[in-house]
Amino acid sequence: MLAMNFRGPFRIRADRHRPMPEIKHPQDAILRVTRSCICGSDLHLYHGLVPDTRVGMTFGHEFTGIVEEIGSGVDNLKVGDHVMVPFNIACGTCPFCQQKLFGNCHESNPQASAVGGIYGYSHTAGGYDGGQAEYVRVPYANVGPTIIPDGMDPDDAVLLTDVVPTGYQAAEMGGIQKGDTVVVFGAGPVGIMAAKCAWLFGAGRVIVIDHIDYRLDFVKNYAQCEAYNFKELGDVVLFMKKTTGWYGADVCIDAVGADAAGDAFQSLVGRKLPLTGGAATALHWAINSVKKGGIVSIVGVYGPLDSLVPIGNVVNKGITIRANQASVKRLLPILIDHVMSGRLDPKAIISHRLPLEEVAEGYHLFSAKRDNCIKPVLIPPRATA
Amino acid sequence: MENKNRPEPDKTMEADYDRNIANSSKDHIPGWGIDFNPENDPTYPMKHWNGADHQRSNYEKPSQQPIDVEVLQSIERPGVSRVFGTSTPPTGLSGAIRRWAYKWNESTYLHWVPLVLADRINVFEGYIDDFKHGIVPNPFAERGWQAEWKYNRKSFVQNLAIGVAIAGAAVVIIKQQNKKKKKKRYVM
């Protein structure tokens, strides 16, 4: 079958000779992929920032597909169902899944105890091949996959598997109270969705910070918020203090993670060498920009190594930090309702649709931010939906 | 003493500025406040507390996926998880380094740094594997430079020209040095 094949940092291939996935467990299903996104966090893999990312792996954790085959223990799905698949692989029965922490499942990742299984996201996240392929193996198919409701656009559905829930949970973890000022660091797809969702929780003011002008223009219109280029602001933290009456924002959201720009030292030790878990510039700014007693919500992805953050300021300011991989399954019912009722329009962030054969071009386009790229979606040749 | 770095006072310094914006009408934003929840304190709704974890340690576990490939396992776990990925089992020198790395726990550099090293070695193993299978890597295609050619052609050509010029200059310098060495040997 055709699938993305990782050959090393900044090198990937559309490979027509990848083996077909097989049922390995009674609760497995095999899906024929209909849509597969390239996620901002895939770029951390693409840039070589996530340890134990092996040559030959297929990435892709945001996808929809049609059920082609099911294992003997699958009774919630049938062949032919068109489903969206949360990026977290979750058993549904462990103590963490019982608490609806589906991103922290204890029975889906033998390689690490700190993170649950994620499709196509290195062996640090379980060693599963991902959905940037014609077919994909979906473990625990009774738990994760959700049938796409009648009338839902497949482009909306594929974005409900990661970027929308992650943006929504970023706002949710902010504990936003009515009238709060919310600052979102990062105008990538997750930051855009976090800004949009902050209003749903009653934010009084939403500010987005980035350095890519076309993305700032987009988020300004799409999320009806304020948007600023940090290169023009000079001192970001000082600007935040000034614009909030010298208090700081009520809530700061880090929607950037390991690949942040804006600080030469962080970039050197976190991205170029890399000696830390990534460039923690956005998180640094978030901690210093939030008010005393405020909340910092982290959905940006970092590597497992230590990161350079001003933890002393967290203590002195009494900041609450909330962070997690999005618990997609928990959030799907409410997000489906938001999409079907028109409150959220995820597909508007899709800027590029590419055939799976052009996956290398898609990664470069997204990574180098060419052609005003915001969100690329890959369409496999056998996709019919 | 006056701080020269202190910004000039302007309207954004007024404490009310932030609140004035915050309190403005949100009628134009669809769904504004629809999910507002005053109980959304820092522990809710991320964790739906339903009893202490130790009371659920005997939860009904799914059946074990047959372990028919080499699976490296975190020493912070009691065993292999009930399902796991079968992509790219460890092989070669990178595999040996990975096996060693998994002897250390997840909170040590001895675990993660060797894994990063193994990833880099794995890239060279990938080249060897490609050649073994008669595949010649195509950097233009693999690095997605078609996109660069389409959308950033001027810079792409410029960078390519600079790269070729530097490589050409390096070849010329090396050749000249080799010639000088040969002459010295002849003289001696």
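Line order of the protein sequences matches chains V and R.
Mind the numbering: the first sequence is residues 390 to 774 in this note's numbering, read in order.
Mind the numbering: the second sequence is residues 1403 to 1590 in this note's numbering, read in order.
Virtual Cβ for every residue (Gly too), placed ideally from N, Cα, C.
> What residues in its chain sit with their C-beta under 8 angstroms from that of P770 (chain V), if we drop five residues either side in the sequence?
Replying inline: Closer than 8 angstroms at Cβ, skipping near neighbours: L391, E523, P744, L745, E746.
> Residues in the stretch 1472-1493 of chain R with C-beta within 7 angstroms of chain V's C-beta atoms, listed in sequence order?
Replying inline: Listed by position, the residues of the stretch 1472-1493 of chain R near chain V (Cβ gap below 7 angstroms) are V1473, L1474, Q1475, S1476, E1478, R1479, V1482, S1483, R1484, V1485, F1486, G1487, T1488, S1489, T1490.
>> My assumption, with CB atoms under 8 angstroms, is that V685 (chain V) sits in contact with D639 (chain V). Please give the rounded CB distance.
In response: Here V685 (chain V) is actually not in contact with D639 (chain V); their C-beta atoms are around 11 angstroms apart, not less than 8 angstroms.
> Does the stretch 480-487 of chain V touch the stretch 1515-1526 of chain R, meaning 3 or more C-beta pairs lie closer than 8 angstroms?
Replying inline: No: the two stretches stay apart, fewer than three of their Cβ pairs being nearer than 8 angstroms.
>> Counting C-beta neighbours from all protein chains within 10 Å, is the total for H1513 (chain R) 16 or more, i.e. buried, or is it exposed?
In response: Around the Cβ of H1513 (chain R), a 10 Å sphere holds 16 or more other Cβ atoms; the residue is buried.
>> So, under 8 angstroms CB-CB, S740 (chain V) and N761 (chain V) are touching, yes? Tell me the CB distance rounded to an integer number of Å.
In response: With 8 angstroms as the limit, S740 (chain V) and N761 (chain V) qualify as a contact, their Cβ atoms being about 6 angstroms apart.
>> Give me the chain R residues within the contact set of I455 (chain V), using Cβ-Cβ distance strictly less than 9 angstroms, ordered along the chain.
In response: For I455 (chain V), there are no C-beta contacts with chain R under 9 angstroms, since the nearest C-beta of that chain is about 22 angstroms from it.
> Is there at least one Cβ from chain V nearer than 8 angstroms to L1517 (chain R)'s Cβ?
Replying inline: By the rule that beta-carbons nearer than 8 angstroms mark a contact, L1517 (chain R) touches chain V.
> When the cut-off is 8 angstroms and only beta carbons count, does N1405 (chain R) lie next to chain V?
Replying inline: Because the pLDDT of N1405 (chain R) is 47, which lies under 50, any placement of that residue in the model is unreliable, and the question is left without a value.
>> So for G682 (chain V), helix, strand or coil by DSSP?
In response: Note: G682 (chain V) maps to strand in three-state DSSP.
> Along the stretch 1417-1428 of chain R, what residues have a CB closer than 9 angstroms to any CB found in chain C?
Replying inline: The chain labelled as chain C is not found among the protein chains of the depicted structure, namely V and R.
>> Could you check whether L697 (chain V) and A669 (chain V) sit closer than 8 angstroms to each other, using their CB atoms as the reference points?
In response: For A669 (chain V) and L697 (chain V), yes; Cβs fall inside 8 angstroms.
>> Which residues in chain V have a C-beta closer than 8 angstroms to the C-beta of R1501 (chain R)? List them in chain order.
In response: Here the premise fails: no neighbours, minimum Cβ distance about 12 angstroms.
> What residues from the stretch 411-431 of chain V come within 9 angstroms of chain R, judged by C-beta to C-beta, listed N to C?
Replying inline: Listed by position along the chain: E411, K413, H414, P415, Q416, D417.
> Since S502 (chain V) meets chain R, which of its residues come closer than 8 angstroms, beta carbon to beta carbon?
Replying inline: Listed along chain R are S1476, E1478, R1479, E1508, each with a C-beta nearer than 8 angstroms to that of S502 (chain V).
> What is the DSSP secondary structure of R526 (chain V), reduced to helix, strand or coil?
Replying inline: In the structure shown, R526 (chain V) sits in a strand (DSSP, three-state: E or B).
>> What residue range does the alpha helix (DSSP H) around L548 (chain V) cover?
In response: Note, L548 (chain V): alpha helix (DSSP H), 543-548.
> What is the DSSP secondary structure of P554 (chain V), reduced to helix, strand or coil?
Replying inline: Note: P554 (chain V) maps to helix in three-state DSSP.
>> Between the alpha carbons of A418 (chain V) and M629 (chain V), how many angstroms are there, rounded?
In response: If I take the Cα positions, the gap works out to 48 angstroms.
> Does the beta-carbon of A1571 (chain R) have 16 or more other beta-carbons within 10 angstroms, so that it is buried, or is it exposed?
Replying inline: Answer is exposed; the Cβ neighbour count stays below 16.
>> Which residues in chain R have a C-beta closer than 9 angstroms to the C-beta of D518 (chain V)? List them in chain order.
In response: Ordered by position in chain R, the residues that pass the 9 angstroms Cβ test against D518 (chain V) are G1487, T1488, S1489, T1490.
> Is it the case that the CB of N610 (chain V) approaches a heavy atom of the ligand ATP more closely than 7 angstroms?
Replying inline: With respect to the ligand ATP, the structure offers nothing, as it holds no ligand at all.
> Mind pulling the chain R residues with CB within less than 8 angstroms of Q613 (chain V)?
Replying inline: Correct list: H1430, I1431.
> In this structure, what does DSSP give as the bridge partners for C426 (chain V)?
Replying inline: Per DSSP, V:V766.
>> Applying the 10 Å Cβ sphere with the 16-neighbour rule, what's the burial state of T665 (chain V)?
In response: T665 (chain V) is classed as buried because its beta carbon has at least 16 other beta carbons within 10 Å across all chains shown.
>> Please report whether the beta-carbon of V1538 (chain R) lies at a distance below 8 angstroms from any beta-carbon of chain V.
In response: When Cβ-Cβ separations below 8 angstroms define contact, V1538 (chain R) makes no contact with chain V.
>> I'd like the list of long-range same chain contacts for W674 (chain V), defined as Cβ closer than 7 angstroms, with 5 residues on each side in sequence excluded.
In response: Apart from the 5 residues on each side of it in sequence, W674 (chain V) sits with its Cβ closer than 7 angstroms to the Cβ of F574, V625, V626 in its chain, given in chain order.
> Checking contacts by CB at 8 angstroms: is K1583 (chain R) closer than that to chain V?
Replying inline: No, K1583 (chain R) does not count as interfacial toward chain V.
>> Is it the case that the stretch 480-499 of chain V contacts the stretch 430-438 of chain V, given that we only count it when at least three CB pairs across the two stretches are under 8 angstroms?
In response: Between the stretch 430-438 of chain V and the stretch 480-499 of chain V there are fewer than three inter-stretch CB-CB distances shorter than 8 angstroms, so the stretches are not counted as touching.
> Exposed or buried, what is K1585 (chain R) when buried is set at 16 or more other beta-carbons lying within 10 Å of its beta-carbon?
Replying inline: Exposed, by the Cβ-count rule.
> I1568 (chain R) by DSSP, collapsed to three states: which one?
Replying inline: In this structure, DSSP gives I1568 (chain R) a helical state, which the three-state scheme calls helix.
> Would you call the stretch 398-411 of chain V and the stretch 603-622 of chain V in contact, with 3 or more CB pairs under 8 angstroms?
Replying inline: No, the stretch 398-411 of chain V is not in contact with the stretch 603-622 of chain V.
> Going by DSSP, which residues form a beta bridge with D643 (chain V)?
Replying inline: Partner(s): V:F574, V:I687.
>> Could you tell me the alpha carbon to alpha carbon distance between S511 (chain V) and K609 (chain V), rounded to whole angstroms?
In response: Each residue's alpha carbon lies about 34 angstroms from the other.
> Taking DSSP as the reference, what is the three-state secondary structure of N394 (chain V)?
Replying inline: DSSP places N394 (chain V) in strand when its eight states are reduced to three.
> Once you ignore the five residues that flank I537 (chain V) on each side, which residues in its own chain have a CB closer than 6 angstroms to its CB?
Replying inline: Hits under 6 angstroms: H471, M473, A546.
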